[in-house]
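Chains as they are written, first to last, in my numbering: chain E, 55 to 280; chain V, 1008 to 1121.
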């Protein structure tokens, strides 16, 4: 019997593919955002509202990840934004190779902002780098104030946490201050935006932040998080 | 349940190493698994037992070493191992943000081969 030192990251293959994606995105000067949340937190609704309000709507593209159906991609296409649906079958997260195949569908030189809407899941997507520059997660306030503590990794990995469905807060019994405090405890650097897709509350602040991140990225040609 | 994908990755990494050494079988796989990962150990072990069938690792045991979460406060210059499962990355003394030093490991450390 012989002992062989390996010392290799289990996610090495995905990380290499993610790095290749990032190089491709950088070569085209676009900003890629990985959008994550539990199922039903409102990823596609936030995207719809974001598309409607964004200055640079023409340069947008969206990759949609779901287990089944193209409902989400159809909603994005209805707004005039190119969209590619990945159906993962039974796989609970997107990986970098799936994103590489989907990205080949777009004329990337004309894209400035690429949103990758991950499969709805609070656990698995947090482990898989897709080659994005920024991670944005959505937590709807009705999910409960303790969600960041129960699923700390995704909250920890995200630069931005959008707290959606603020219109339902009065009916939810959830204390917004407690939810915000829990987000900050697992991610002290998080930027938090409470929003409502129904009333439009909070979107001005999120869109201003996004436009700024986009300007910074397009001018520098590098990651705003770097 | 991304543990199945991870088990597949572990198998590929180990088989590649074993083939380089022209080994006939993998007997043991030592894995380092951080507490601050989204991985369920039991699900990973279960998945590995499924993917290892009819491979060089068919009779291999998966030895998982837990790596506890370790954090550092840059302001207090202190390294800490937070107790319990309620993760709080704010310094208990100065309330400043803590850096994660260990606990994110998901690494094949070594294999034992014949």
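For each residue, glycine too, the CB sits at the ideal point set by N, CA and C.
- Contact annotation, residue 218/E with residue 94/E: C-beta distance approximately 10 Å; criterion of less than 8 Å not satisfied.
- DSSP places residue 211/E within a helical segment (H, G or I) once states are collapsed to three.
- Looking only at 1045/V, 1067/V, 1042/V, the smallest Cα-Cα distance to residue 1032/V is reached by 1067/V.
- Within chain E, no residue has its CB atom less than 9 Å from the CB of residue 1058/V, the nearest being about 13 Å off.
- Under the rule that a run must span 4 or more residues, the alpha helix (DSSP H) segments found entirely inside the region 201-250 of chain E read 201-204, 206-211, 223-226, 230-240.
- Using beta-carbon distances, residue 152/E does not count as an interface residue toward chain V, since no partner is under 8 Å.
- Per DSSP, the beta bridge partners of residue 1104/V are 1097/V.
- Put simply, the backbone Cα of residue 1118/V is about 30 Å away from that of residue 152/E.
- Interface annotation, residue 237/E: not in contact with chain V, CB-CB separation never under 8 Å.
- Look at the region 1065-1079 of chain V: it has no residue with a C-beta under 7 Å from a C-beta of chain E.
- Our two residues, residue 220/E and residue 248/E, have alpha carbons roughly 7 Å apart in a direct line.
- Partner residues in the beta bridge of residue 56/E, as assigned by DSSP, are 1120/V.
- With contact defined as three or more Cβ pairs closer than 8 Å, the region 83-94 of chain E and the region 177-191 of chain E are in contact.
- Excluding sequence positions up to five before and after residue 1103/V, its CB lies within less than 8 Å of the CB of 1080, 1081, 1082, 1083, 1097, all in the same chain and listed in chain order.
- A Cβ of chain V is located within less than 8 Å of the beta carbon of residue 242/E.
- For residue 102/E, the uninterrupted alpha helix (DSSP H) run begins and ends at 97-107, by DSSP.
- The contact set of residue 1095/V on chain E, defined by CB atoms closer than 7 Å, consists of 239 in chain order.
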